[in-house]
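J.: Chains as they are written, first to last, in this note's numbering: chain A, 47 to 458; chain B, 47 to 458.
Cβ atoms here follow ideal geometry from the backbone N, Cα and C, with glycine treated the same way.
2 protein chains.
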Amino acid sequence: MTYRIDEDPLAEVRSARAEILHLAEPQDPCVQLSLSLLGAPTTADLLSQRKPLDDVLTERAEDLAELAAHTWQEWAQQMQTRIKNWAGRKRPYTFEREMEIAGRLGAWVMIPEDPDWPEQLHDLGADEPFALWGRGDRTLLQHLSLQGSVAVVGSRDTTSYGNSATTHLAGDLAAQGYTIVSGGAFGIDAVAHRSALVTAAGPLSTVALMAGGVDRPYPKHNEQLLSEVIQRGLLLSEVPLSYQPTRWRFLQRNRLIAALASVTVVVEARWRSGALNTAHHALEIGREVRVVPGQIFSPNSEGCHRLLRDGLAQITTSASDITESLNQHLQPEQEHLFESPETSEIGQLSEAEQRIWDALPLRNFAATEHLGVMAGVEGRNLLLGLSQLAQKGLAEQTAQGWRKSKAYKKAT
Amino acid sequence: MTYRIDEDPLAEVRSARAEILHLAEPQDPCVQLSLSLLGAPTTADLLSQRKPLDDVLTERAEDLAELAAHTWQEWAQQMQTRIKNWAGRKRPYTFEREMEIAGRLGAWVMIPEDPDWPEQLHDLGADEPFALWGRGDRTLLQHLSLQGSVAVVGSRDTTSYGNSATTHLAGDLAAQGYTIVSGGAFGIDAVAHRSALVTAAGPLSTVALMAGGVDRPYPKHNEQLLSEVIQRGLLLSEVPLSYQPTRWRFLQRNRLIAALASVTVVVEARWRSGALNTAHHALEIGREVRVVPGQIFSPNSEGCHRLLRDGLAQITTSASDITESLNQHLQPEQEHLFESPETSEIGQLSEAEQRIWDALPLRNFAATEHLGVMAGVEGRNLLLGLSQLAQKGLAEQTAQGWRKSKAYKKAT
């Protein structure tokens, strides 16, 4: 359990990245570029002013030549500004001391170079965290997969409906083995974590992303809940130990929640809400967003309805909505299990029918509108085509949408 | 008020179409073809067996030659079958007698040839009703416009939430002068009519489509409400006086509700519900469908959520959602009231920004997804493009969506 620096083959990089967490702002493209061009140790030397920038420019001229001249010159200028601006942050820092404190808490620090780094965080590109602090059984990290994780987020002030919907969705998902990712906050977040802890059937029930250090679970009121998360799930943060959460850190933290899960479900959110911020992060990196509908008189559902109205989110009314959509991305190789209908029958279809047929999934389901987009057939023609295919026994409509008819599915 | 056959220049056609309502099934393509090729009097003569089909084929050979030979031969064959099948429906019929009974009720019969026939019914094509019976002040018909009408429909068994949402939406729309179209049934329909009667600011508050004759408002329980509709709105039906509503007639009636209004709003609908049938009729003729969201535990909202999930409907949470969408279709000529920004500024935009700029509405609002489709720009690029345009003061985001910035709108 205790970290032994001499047993860590990545100690030099880990120690540098852990130090950078103290010196740099997350999501800094200039630091990210430095990390990839010059590596973590040199970047830490620069930011801590152990090494002047000019020396690095000379020593590493070859690496910098990978960039166009004006790019690295611009980078050097920005880096100089940052070193100056962040100089006030310098503190006597020793990685050993920090790991000693961490060891007492059972906290650990992981870096992108680690084999158990959640690879879905790479999707953040330049916004990928420099390192992540964690508490909980680190071996659980291997189960924190993109397809196995669903983010469930929402307002701090909830209604009894919001709490019930969260219990229902997060509980059902966890019972099917999915990991529930959230922010550990009051309200929807807390209910999501708690429901996951209660019903979890998989190895990793829930992951809470903190906006402050993992040594000070926040909010205080959720201390008991978050200590259960540490015991049976994971507490993660890109902020070093002892740091307080700030408004800005809450917003930055939201991108990590969005990136860890393949779907972000917003249960309740007011017109302006932090949960919408998480949803927008999810959309920016191409993750799916789903919202729980509510009554039109409930201000707590206004943000959800807004996402629906703007066409940015899909509706969800049950865990199965979400798992079906997740399964759709999984195991495409299983499609060959189903045989195609007689070529002659398909050949006799009209052009529109043929195109719709091609767009129909074999397993799972597609919404009519989605089929329209895939097939390039619209409106009345789409509906007519589908009804023709259904009549010919080639397509079937279920509660979840359209697919190729079961008649044509046969295990090989 | 009394109908005088000798004062009606359309008496021959009206009388023929009124008789056809007794003889033929609505939505019969064969009868519709006969009406347009041979006219109503000949069609009535055929269906009532006053004139043998063979005589008509000879006499009207020239008109039938408009069709390809195999088409009119097929039509003649189908017509023969219908004449035989519907022979049992023949009754001694006199239009004068029917109009006398109608006169006592204040009922009237209108036909597509009338100048006050609601022209939006033409969108039904072959499914356009042969004629429509009505009660109420017929001069109100001129106000039954597509853009001025909203259909509000839903389950017979409602929740208090469904009733409140209906009161809210239908009441607000009627207060803005819109006509509320519905089916006069228990539940959502009744609440919609009633709310419209209470708040109506326009000349035509509400229109109820009956599945039986307008002389027997159905259901009996809503008699008082429907008599108020007759006094201050309109009661319409394609079924003749004295006919009972049947299950099939309810379904056929739904297409008329959908066709009369530009938007069909489904407030509450179970997984299988007649209201969904109306929504599908609306979609088939390219009308917009909007649904009111509800709690995920409410079976009464399952049908609404289903339409949302299938991408067939938009969400609505207030009357303004609907009116904005209606206004978007209205008065495009007013767009010239707004001047374009300096050509130079637009010229400097990136290709994606330029395309998004072109897609942005000047008045009203567009959802982000809609803009993406219009502009052919997707995902992150769309969001980035919009944020760039907003930063340049060229686009603005409001609660209702995106539009060109006000800074560039100036009345001439």
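Going by DSSP, which residues form a beta bridge with G320 (chain B)?
T.: In the DSSP output, where bridge partners are listed per residue, G320 (chain B) has none listed.
J.: Just tell me which of A:I361, A:K450 and A:T213 has its CA closest to the CA of R401 (chain A).
T.: If we check each option's Cα against that of R401 (chain A), A:K450 comes out closest.
J.: Enumerated in chain order, which unbroken segments of the beta strand (DSSP E) with a length of 3 residues or greater are wholly contained in the segment 268-320 of chain A?
T.: Segments of the beta strand (DSSP E) lying fully in the segment 268-320 of chain A: 280-283 and 309-312.
J.: Closest Cβ-Cβ distance between T444 (chain B) and chain A: below 8 Å?
T.: By this cut-off, T444 (chain B) is not an interface position.
J.: Under 8 Å between C-beta atoms, does R316 (chain A) make it to chain B?
T.: Chain B, which has no Cβ nearer than 8 Å to the Cβ of R316 (chain A), makes this no.
J.: Run the CB neighbour count on S288 (chain B), radius 10 Å, all protein chains shown included, and call it buried at 16 or more, exposed below.
T.: Flag for S288 (chain B) reads exposed.
J.: Residues in its own chain within less than 7 Å of D173 (chain B) by CB, not counting five upstream and five downstream?
T.: For D173 (chain B), where only same-chain residues beyond five positions count, the Cβ hits under 7 Å are Q73 and R301.
J.: Among A:S206, A:L429, A:E159 and A:L354, whose alpha-carbon lies nearest the alpha-carbon of E58 (chain A)?
T.: Taking only the C-alpha atoms, the option nearest E58 (chain A) is A:E159.
J.: Taking Cβ-Cβ distances shorter than 8 Å, what residues in chain A pair up with D356 (chain B)?
T.: Chain A residues near D356 (chain B): A413, T414, E415 and G447.
J.: Would a check of beta-carbon distances place S364 (chain B) closer than 8 Å to chain A?
T.: It does: the Cβ of S364 (chain B) has a partner Cβ on chain A nearer than 8 Å.
J.: Counting pairs of Cβ atoms below 8 Å between the segment 329-338 of chain A and the segment 432-446 of chain B, do you hit three or more?
T.: No, the segment 329-338 of chain A is not in contact with the segment 432-446 of chain B.
J.: Taking only beta-carbon atoms, is N249 (chain B) less than 8 Å away from chain A?
T.: The residue asked about is misnamed: residue 249 (chain B) is Pro in this sequence, not Asn. By this cut-off, P249 (chain B) is not an interface position.
J.: Would you mind telling me which residues of chain A sit closer than 9 Å to R426 (chain B), beta carbon to beta carbon, in chain order?
T.: Within 9 Å Cβ-Cβ: L329, E330, I331 and G332.
J.: Tell me, please, which residues DSSP counts as bridged to G447 (chain A).
T.: DSSP lists A:T444 as partners of G447 (chain A).
J.: I think P291 (chain A) touches I342 (chain B), with their Cβ atoms under 8 Å apart; what is that distance to the nearest whole Å?
T.: Wrong, their Cβ atoms sit about 31 Å apart, outside the cutoff.
J.: Is the segment 347-354 of chain A close to the segment 311-326 of chain A, with three or more CB pairs under 8 Å?
T.: Touching, yes, given that three or more Cβ pairs across the two stretches are closer than 8 Å.
J.: If you run the structure through DSSP and keep just helix, strand and coil, what is Q437 (chain A)?
T.: Correct three-state label for Q437 (chain A): helix.
J.: Less than 8 Å separating the beta-carbons of F176 (chain A) and L81 (chain A)?
T.: In this structure, L81 (chain A) lies closer than 8 Å to F176 (chain A) by Cβ.
J.: What in chain A is Cβ-close to A211 (chain B), meaning under 8 Å?
T.: The answer, in chain order, is Q341, I342 and F343.
J.: Look at the alpha carbon of I276 (chain B) and the alpha carbon of V77 (chain B), and state the distance between them as a whole number of angstroms.
T.: Rounded to whole angstroms, I276 (chain B) to V77 (chain B) spans 31 Å at the Cα level.
J.: Per DSSP, which one or two residues make a beta bridge with A153 (chain A)?
T.: DSSP, once it has assigned bridges, lists A:R181 as partnering A153 (chain A).
J.: CB Q337 (chain A) to CB T362 (chain A), shorter than 8 Å?
T.: First, the residue type needs correcting, since residue 337 (chain A) is Val and not Gln in the sequence shown. Cβ atoms of V337 (chain A) and T362 (chain A): closer than 8 Å.
J.: For S94 (chain B), count the other beta carbons within 10 Å of its own beta carbon; 16 or more makes it buried, fewer makes it exposed. Which is it?
T.: Label assigned to S94 (chain B): buried.
J.: Just to make sure I have the definition right: I need the residues of chain A whose C-beta is within less than 7 Å of the C-beta of I361 (chain B). Which are they?
T.: The contacting residues are H351, L354 and R355.
J.: List, in chain order, every chain B residue whose beta-carbon is nearer than 9 Å to that of Y224 (chain A).
T.: Within 9 Å Cβ-Cβ: nothing; Y224 (chain A) doesn't reach chain B, min ~18 Å.
J.: Does any residue of chain B bring its CB to less than 8 Å from the CB of L297 (chain A)?
T.: So no, L297 (chain A) is outside the interface.
J.: Tell me whether R128 (chain A) sits in a helix, a strand or coil according to DSSP, three-state version.
T.: Reduced to three states, the DSSP call for R128 (chain A) is helix.
J.: Straight-line CA distance for T213 (chain A) to L187 (chain A)?
T.: The alpha-carbon atoms of T213 (chain A) and L187 (chain A) are separated by roughly 24 Å.
J.: For the segment 141-155 of chain B against the segment 231-249 of chain B, are there 3 or more C-beta pairs whose distance is under 8 Å?
T.: The segment 141-155 of chain B, when compared against the segment 231-249 of chain B, does not touch it at the 8 Å Cβ threshold.
J.: Span of the alpha helix (DSSP H) holding S82 (chain A)?
T.: Residues P75 to L84.
J.: Which residues mark the beginning and the end of the alpha helix (DSSP H) in which A211 (chain A) is found?
T.: A211 (chain A) -> alpha helix (DSSP H) spans S206 to A221.
J.: Given P263 (chain A), which residues of its chain have a CB within under 6 Å of its CB, disregarding the five upstream and five downstream residues?
T.: Contacts found: E269 and L272.
J.: Is L190 (chain A) near V260 (chain A), with beta carbons less than 8 Å apart?
T.: For L190 (chain A) and V260 (chain A), no; Cβs fall outside 8 Å.
J.: Using a C-beta cutoff of 8 Å, does L429 (chain A) count as contacting chain C?
T.: Included in the structure are the protein chains A and B, with no chain C among them.
J.: Check the Cβ-Cβ distances between Y139 (chain A) and every residue of chain B, and say whether any is below 8 Å.
T.: It does not: the Cβ of Y139 (chain A) has no partner Cβ on chain B nearer than 8 Å.
J.: Are the CB atoms of L358 (chain B) and E370 (chain A) within a distance shorter than 8 Å?
T.: The answer is no: Cβ separation not under 8 Å.
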